[in-house]
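S.K.: Structure provided below as structure tokens; questions to follow.
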Amino acid sequence: MQPEIHIRRLLGTSDRLPAGPLERQLIDEAIVLADALGDERLGYEARRRMARSSELAAEAVTLAPMSATGCPIDDVRNDTAGANDVLESATPNTIEFELAPAWLRVARERATVGDVTGARSAIARCRDCLDAPPPPGTGRSAVARLSAELYALEIRIAVERGDYEQAERLCSWRVDVLIEDERLDLAEVELQLGLLLFGVEPQVRRGDLERALGEARRKGFDAEAQVSILTALAELKVNTGLANEAVTLLLVAVKLCGYQPDDETVQRPLYQLARARFAAHDHDGARAALDRVLRHPLDRAFRARSLLLRARALASDGSEQGVGGWFTALAQSKPTGNPDARRLLEAVTDADRALVLCLELGYSQGIIEACGVLATLLEDLGTASGVIEAWRRALTESERIRHPHTQFLRFRLARALIAAERGAEACAELMEVFAFVVEMGLPTTERSEILYWLGHAQRLADDDQAAYASWSVALSLTQPPHEPRAAVRLGLALGRLLLDDDDQAAVDVLSRALRCARLLPAGSWEVVDALHLLGQAQCAFGDRTGLDTLDEAICLAADFAFDVDGLFANITESRAHALDSLGDDDEAVRVAARATALYERVGQRSSAGHTSLFTARLLRSVGQLTEAQQWYEHSVELLSAEGAVARVADGELRIVRKQTQSAVGRASA
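Written out as structure tokens, the structure is:
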């Protein structure tokens, strides 16, 4: 018997034995023989089995994968159908050739979730299965291909851990297997390029992959070898910001893979094509590639990654949150436009399925990412409770594993709580975030950002004094010439607070905000907002120039080609209140009536109802009871969906009716 076969039989037998002296004796003998032969590959396997022998039985139970979540979309298969059923029906120590693909899938899952010990144990189990007698008719190539895939997985594990020496050693063993399997073109490519094909960036020359691709084409290498180079080169280009070039390469790679629907070799190029298209903002193209990927029987970790990327593509969300600053990145405006609700719902389904898979795997990083994607999608759909729950779950998982982005997730949760008007809870979260920002010595721009949102949370919690302090400190940390937009935003918030508190300092604060707004590029909405709020403040404190300020806001909005109808109605309402503050009752009534009509025109019934109620009260205050009654009736109709306000309006209407009847009675007498 050949020594290599003898060693493998020793190892296979040891795996069938319970942990104990006999098992270790067999493994020891295998180690001695492998060392005598100088076979590093078998020696490595034997030593690894010795290290795990004492916990073999326990790991066998842990590693058997759960049944994957059923997939509601018809063209997506159950991730673990067939393979998992075989594993679950087998006894823990069963070694059969047919189980090898299932253990390979488990190994890939454990490697993806960062469970290196579990991945190595599953790899060892897979090799044991490959050593078992194959079913009749099984060719040598099937064994060799699975063995090569195992080495590829081990290489990637070693690369991720930074153990390049071990990765190089595994590469040489994989090349041996490729040569045995007569995959000579791929073997030559891997011998030439080594770890460059497994995600390691070039350390000296950056053109090795391009040169290898050109040489492979000149020599007429087979499709498998060319696809390997194309995919590695495309991954490198995506990671270095050259997404369009990567797309071109990957389209060639996918074409070289052929069009057999069940061919697994196309999975990696297709997934990388989706990544490249997404990075190039071709979201529909990314989705099409992912649709093809998800029709394959994938392991759960790969399926979860693909589902999350498709969710992003469906929602056309190409933004990378956190770039350019921990917290200030979120201050950037989101792209305008009405998202397709149907696509958003499909994206939510994908993100939810990915989350379930990550929970099954115990994949903390995947849970955090899936929750983040889900929260962003639910935010676009306006589902406040779902957004809060998603960010809270992400935060809980992040705290559990002490993830470095924990405070960023806490900030996102606080933002969601503010959107849901849960100020006290948001305050508690933001106080922790601010303590972290100070402790880490992050730039003042980050402190200012946290204080801005803390002020909003404090206002929601009815603590205007605390909000005033937060916004004042934030303004002192802001340098208007360098950060005009941040200065405007803070000035508007503080100015609104002072105006609501009837503090004349609002005029000065809003005037400074307007000066900062004028530093922004032409067409910035902040200028119109600053003019609008400043005009209200000026009129509230008896300055008639506020009317001119409001007029300028309307003119600028029209010049900037804004959709001015709703804005015009809002500023017209503000003008009516300003005229009332200035004592010009007749003009205030006329302008308030105009604002009501404008709100009705744009379909804002609630705003129209409030303005109609304001008009009725103005008329009542000057003794025009008949006209006031008509406006009260109109306001009650418009406010019918708002219980408390509608009841107040209806109560005032009944009083006015009695007053009108009394006035008519006195006149007739």
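Yeah, the sequence shown ends on 1950 if you go by this note's numbering, and it's all consecutive.
Glycine included, C-beta positions come from ideal geometry on N, C-alpha and C.
Every value quoted in this text rests on a predicted model; they were computed, and no experiment measured them.
Could you check which residue in T1826, V1769 and A1700 has the C-alpha nearest to that of A1859?
M.R.: Taking only the C-alpha atoms, the option nearest A1859 is T1826.
S.K.: Let me know the secondary structure DSSP gives G1704 once reduced to three states.
M.R.: G1704 falls in the helix class under three-state DSSP.
S.K.: When you compare only the Cα positions, how much space is there between G1351 and P1578?
M.R.: Note that G1351 scores 32 on pLDDT, short of 50, meaning its location in the model is unreliable; the coordinates nonetheless yield the value given after this. Cα to Cα, the separation comes out at about 13 Å.
S.K.: Using beta-carbon positions only, say whether A1755 and L1771 come within less than 7 Å of one another.
M.R.: yes
S.K.: Look at the alpha carbon of F1715 and the alpha carbon of I1731, and state the distance between them as a whole number of angstroms.
M.R.: 6 Å
S.K.: Is the stretch 1759-1768 in contact with the stretch 1737-1747, if contact means three or more CB pairs nearer than 8 Å?
M.R.: no
S.K.: Roughly how many whole angstroms lie between the Cα atoms of E1601 and A1798?
M.R.: Residue placement at E1601 is poorly supported in this model, since its pLDDT is 43, which falls under 50; the coordinates still yield a value, given next. CA-CA distance, E1601 to A1798, rounds to 27 Å.
S.K.: Are the beta-carbon atoms of S1855 and Q1817 separated by less than 7 Å?
M.R.: yes
S.K.: Excluding the five sequence neighbours on either side, which residues of its own chain have a C-beta within less than 6 Å of the C-beta of A1592, listed in chain order?
M.R.: A1628, D1631, A1632 and V1654
S.K.: Suppose you measure from the CA of L1814 to the CA of S1902; what does that come to, to the nearest Å?
M.R.: 26 Å
S.K.: For F1822, name the three-state secondary structure that DSSP assigns.
M.R.: coil
S.K.: Going by beta-carbon coordinates alone, are A1873 and A1850 separated by less than 7 Å?
M.R.: Against a cut-off of 7 Å, the Cβ pair of A1850 and A1873 comes out as no contact.
S.K.: If the criterion is Cβ atoms closer than 7 Å, does the pair A1834 and V1845 meet it?
M.R.: no
S.K.: To the nearest angstrom, how far is the alpha carbon of L1778 from that of V1808?
M.R.: 19 Å
S.K.: If I measure Cβ to Cβ from E1868 and keep anything under 7 Å in the same chain, skipping five residues before and after, which residues do I get?
M.R.: L1860
S.K.: Can you find at least 3 beta carbon pairs, one from the stretch 1896-1910 and one from the stretch 1919-1927, that sit closer than 8 Å?
M.R.: No, the stretch 1896-1910 does not touch the stretch 1919-1927.
S.K.: Indicate the three-state DSSP secondary structure (helix, strand or coil) for H1737 in the structure shown.
M.R.: helix
S.K.: So, at 8 Å on beta carbons, what are the nonlocal neighbours of D1544 in its own chain, with the 5 sequence-adjacent residues on each side left out?
M.R.: Contacts found: C1538.
S.K.: In its own chain, which residues sit with a C-beta less than 7 Å from the C-beta of A1889, not counting the 5 before and 5 after it?
M.R.: T1877, Y1880, E1881 and L1919
S.K.: Tell me whether the beta-carbon of L1590 lies closer than 7 Å to the beta-carbon of R1634.
M.R.: no
S.K.: With C-beta atoms as the reference, is A1555 less than 7 Å away from A1567?
M.R.: yes
S.K.: Where does Q1541 sit, in a helix, a strand or coil, going by DSSP?
M.R.: Taken through DSSP and simplified to helix, strand or coil, Q1541 comes out as coil.
S.K.: Please say whether Q1507 and L1531 have beta carbons closer to each other than 7 Å?
M.R.: no
S.K.: Near A1707, which residues of its chain fall below 6 Å by C-beta distance, leaving aside the five closest residues on each side in sequence?
M.R.: A1695, L1698, I1699 and A1738
S.K.: Give me the Cα-Cα distance between R1871 and E1914, rounded to the nearest whole angstrom.
M.R.: 18 Å
S.K.: Counting Cβ pairs closer than 8 Å, one from the stretch 1712-1728 and one from the stretch 1669-1684, do we hit at least three?
M.R.: no
S.K.: Since R1464 and I1436 are thought to touch, with beta carbons under 8 Å apart, how far apart are those beta carbons, to the nearest angstrom?
M.R.: The C-beta separation of R1464 from I1436 comes to about 16 Å, leaving the pair out of contact by the 8 Å criterion.
S.K.: Could I get the ranges of all uninterrupted alpha helix (DSSP H) runs contained in the stretch 1471-1525, with 4 residues as the minimum, in chain order?
M.R.: 1489-1500 and 1504-1520
S.K.: Closest by CA to A1392, which one among A1381, E1441 and A1425?
M.R.: E1441
S.K.: In its own chain, which residues sit with a C-beta less than 7 Å from the C-beta of L1711, not counting the 5 before and 5 after it?
M.R.: Closer than 7 Å at the Cβ level, and outside the excluded window around L1711, lie A1695, I1731, W1734, L1735 and A1738.
S.K.: From which residue to which residue does the alpha helix (DSSP H) around Y1644 run?
M.R.: Where Y1644 is concerned, there is no enclosing alpha helix (DSSP H), given that its DSSP letter is neither H nor E.
S.K.: Spatial neighbours of D1462 within its chain, please: C-beta separation below 8 Å, excluding the five flanking residues on both sides.
M.R.: R1421, S1422, A1425, R1426 and A1429
S.K.: Should C1652 go down as buried or exposed, given a rule of 16 or more other Cβ atoms within 10 Å for buried?
M.R.: buried
S.K.: Hey, I1977 and S1645: beta-carbon distance below 7 Å or not?
M.R.: As displayed, the chain neither begins before 1282 nor continues past 1950, which places residue 1977 out of reach and without an answer.
S.K.: In whole angstroms, what is the alpha-carbon distance linking D1356 and R1693?
M.R.: Summary for D1356: the model assigns pLDDT 34, below 50, so the residue's position carries little reliability; its value from the coordinates is reported in the next sentence. Distance between the alpha carbons of D1356 and R1693 is about 35 Å.
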